[in-house]
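Just so you know, the protein sequences line up as chains A and B, in that order.
For the first sequence, the numbering used here assigns the number 206 to the last residue and increments by one with no breaks.
For the second sequence, the numbering used here assigns the number 350 to the last residue and increments by one with no breaks.
Have a look at the structure below before the remarks.
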Amino acid sequence: MFDAVVTNLPFLMGGFWVTVKLAFFALAGGIPLGILVGLGRISTNKWVYYPVTFYVNVIRNIPLILVIFWFYFVMPIIIGSPLDPFPSAVISFIIFEATYFGEIIRAGYQSVSKGQIEAGYSTGLTYTQTTRYILIPIALRRMLPSLITQSIVTYQDTCLAFVIGLPEFIRRARIVDTLEVRSIQLFGFVAIVFFITCYIGSVISRRFEVKAEQGG
Amino acid sequence: MFLRGIMLGLAYEFDWSVLWRNPYGMYLLKGIWVTLQLGLIGWVIALSLGVLIGTMRISPWRWLRFLGGAYVELFRNVPFMVQLFFWYYAGPMLFGPSLEKSINSIIGLNYYVAIIALGMYTASRVAEHTRAGFSSISRDHYHAGLSTGLTHPQMYRYVIIPYALRIIIPPLTTEFLTIFKNSSIAMTIGVLETTFMSYKIDSETFHGLEATTGACLIYLALGLTIVRLMGILESRLRIPGMIGR
């Protein structure tokens, strides 16, 4: 039943590995940049707030596929030489996903009530201590489910690197399919692998959601 | 196109006229038209199917709830592009060898597949918002509806759905924006929408940067227009006495 998948398994899983690596780098860059974006969005300095808000609103209105293309076209002009599809894709994912992570972080920060912060100060905690022991733990617990969900979305989004010719999971399934014409099992296999990995992620996210509600 | 980068050095000369010059301006206009079709027709499917499935998820019958839940999990946990590829390449095979040929000979098959796939994918997200909207309505509304003598379907049709739909308009606005952005993925199966057209301009003129920048501006304008329109709709349909902005 899955004969074409079995015979090409090393090739396909090599593609899956590219997808995983892509997701890893996208998150490793996207979350830290997202924290900066989130901080910029709650900043009271208008020289920080407006440029960051502009960046977020522009990127969030553009399809990711176009962002990938755009960076693929712009990178050779900036650095003067052609760039591999992989780093080009990683850069576009970081720039794109950071806006989504930034909004989650902003929402998490804003969900902490002023009263809780003031309570911290009134018990004699310093600014750093209030941030460390009150703000961050509460905000983090509320953000965690959305952060996990967005990480799953990022992982799913990595397949769009297909368009600049990166030999990731789907590209490889497509290559095997043009040779063997076993579309049902090949794309079915890709779908099953994505389903299982994402489903596990969503179960974890839901567990944290329940925890956040109990603790919040 | 991968070798093209090598020929392209520091001396890049911008040529913005690829955005309006004949025939490229026409390409983009045609692309916008297809993007609008994909988004709007896909949205009709997504909304009707999504509300139906969202309603199934809160129905009193266990197997209906299970069916709705399975649909949502399945479509949310598989990337849209994989779904698109599955329906486009494997979909016709599911009908058996004799029908497969006639399905594959349909002109513009990729266009129809893209609309249906887009609608079905977005439906799973609409269903989740619908379910959340329903669960935010207090039990009293259900009981009040039933106690006035309405049957179950009537209660949903006249009391719950009109009410829930208005509660979920803000999250649905986001989904409506997303469906236009997701429609760009249809280019991977060769649908001639805006992103595909900007890519096509690149392959004909080597001015991909200008073409994709133009496409970005198109999506940006589309997004801002939708936000404006939905803002008007939201204020028109707002339930009196509920959260004002």
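The beta-carbon is built from N, C-alpha and C at its ideal position, and this holds for glycine as well.
query = Are any of the Cβ atoms in chain B nearer than 7 Å to that of I67/A?
reply = yes
ask   = Looking only at its own chain, which residues have a Cβ that is under 6 Å from the Cβ of G295/B, when we skip the five neighbours before and after it?
value = N215
task = May I have the straight-line CA-CA distance separating F(-8)/A from L176/A, to the nearest angstrom?
result = 8 Å
request  = Spell out whether any CB of chain A is found under 7 Å from the CB atom of L189/B.
outcome  = no
task = Put I52/A into one of helix, strand or coil per three-state DSSP.
result = coil
query = What did DSSP end up calling S241/B once you bin it into helix, strand or coil?
reply = coil
inquiry  = I want to see whether chain B comes within less than 7 Å of I190/A, judged by CB atoms only; does it?
reply    = no
ask   = Measuring CB to CB, does L297/B end up less than 7 Å from V139/B?
value = yes
task = Give the straight-line distance between the Cα atoms of R170/B and R236/B, rounded to the nearest whole angstrom.
result = 11 Å
request  = With DSSP collapsed to three states, give me the class of I163/B.
outcome  = coil
inquiry  = Quick check: I306/B and A291/B, are their CB atoms within less than 7 Å of each other?
reply    = no
request  = Report yes if the CB atom of G28/A is closer than 7 Å to the CB atom of V42/A, and no otherwise.
outcome  = no
key: Chain-ordered neighbours of P184/B on chain A, where CB pairs are closer than 7 Å   = Q146, C149, F184
query = With DSSP run on the structure shown, which of helix, strand or coil describes T148/A?
reply = helix
ask   = Touch check for the stretch 133 to 148 of chain A and the stretch 93 to 105 of chain A: three-plus C-beta pairs under 8 Å?
value = yes
inquiry  = Once the 5 residues before and after C188/A are set aside, which same chain residues still bring their CB inside 6 Å of it?
reply    = I142
inquiry  = Within 7 Å of any Cβ in chain B, is that where the Cβ of W7/A sits?
reply    = no
request  = Report the neighbours of E178/B on chain A: residues whose CB is nearer than 7 Å to its CB, in chain order.
outcome  = Y189
request  = Specify the secondary structure class of V210/A as computed by DSSP and reduced to three states.
outcome  = Because chain A in this structure spans residues -9 to 206, residue 210/A falls outside the shown range and cannot be described.
ask   = Between which two residues does the alpha helix (DSSP H) containing D(-7)/A stretch?
value = -7 to -3
message = For S289/B, which residues in the same chain have their Cβ closer than 6 Å to its Cβ, ignoring the five residues on either side in sequence?
response = T300
message = Using only the alpha-carbon positions, how far apart do I348/B and G174/B sit?
response = Confidence in I348/B is poor, its pLDDT being 49 and thus under 50, which makes the residue's placement too unreliable to answer from.
request  = Can you tell me the Cβ-Cβ gap for A320/B and L56/A, rounded? I've got them flagged as a contact below 8 Å.
outcome  = 6 Å
message = Quick test of the definition: if touching needs 3 or more C-beta pairs under 8 Å, does the stretch 141 to 154 of chain B touch the stretch 148 to 167 of chain A?
response = no
ask   = Residues of chain B with a CB under 7 Å from the CB of S173/A: which are they?
value = Y194, A195, M198
ask   = Is DSSP giving I158/A helix, strand or coil here?
value = Checking the sequence, you will find Glu at residue 158/A rather than Ile. E158/A falls in the coil class under three-state DSSP.
Simplified DSSP assignment, three categories, for I111/B = Model confidence at I111/B stands at a pLDDT of 47, short of 50, so the residue's coordinates are unreliable; what they give is reported in the following sentence. Looking at I111/B - three-state DSSP - the assignment turns out to be helix.
request  = Would you decide whether W166/B is buried or exposed? Buried here means 16 or more other CB atoms lie within 10 Å of its CB.
outcome  = exposed
ask   = Which bits of chain A does T227/B rub up against, with CB to CB less than 9 Å?
value = Correct list: empty, because the minimum Cβ distance to chain A is about 14 Å.
Cut-off 7 Å between Cβ atoms - residues of its own chain near G136/B, not counting five sequence neighbours on either side = L297, E298, T299, F301, M302
request  = Give the straight-line distance between the Cα atoms of F107/B and V166/A, rounded to the nearest whole angstrom.
outcome  = At F107/B the pLDDT is 46, less than 50, meaning the model places this residue with poor confidence; the figure from the coordinates comes in the next sentence. Each residue's Cα considered, the two are about 21 Å apart.
query = What is the DSSP secondary structure of L133/B, counted as helix, strand or coil?
reply = helix
inquiry  = Quick check on this structure: which residue in S164/B, Y129/B, W168/B, R181/B has the alpha carbon closest to the alpha carbon of I190/A?
reply    = R181/B
message = What ranges does the alpha helix (DSSP H) occupy inside the stretch 256 to 322 of chain B, keeping only unbroken runs of at least 4 residues that lie completely in it?
response = 257 to 260, 266 to 272, 274 to 287, 299 to 310
key: Top-ranked residue by Cα proximity to T293/B, from A109/A, S78/A, G155/A, Y62/A   = G155/A
request  = Would you kindly work out how many angstroms separate the C-alpha atoms of I220/B and G213/B, rounded to a whole number?
outcome  = 11 Å
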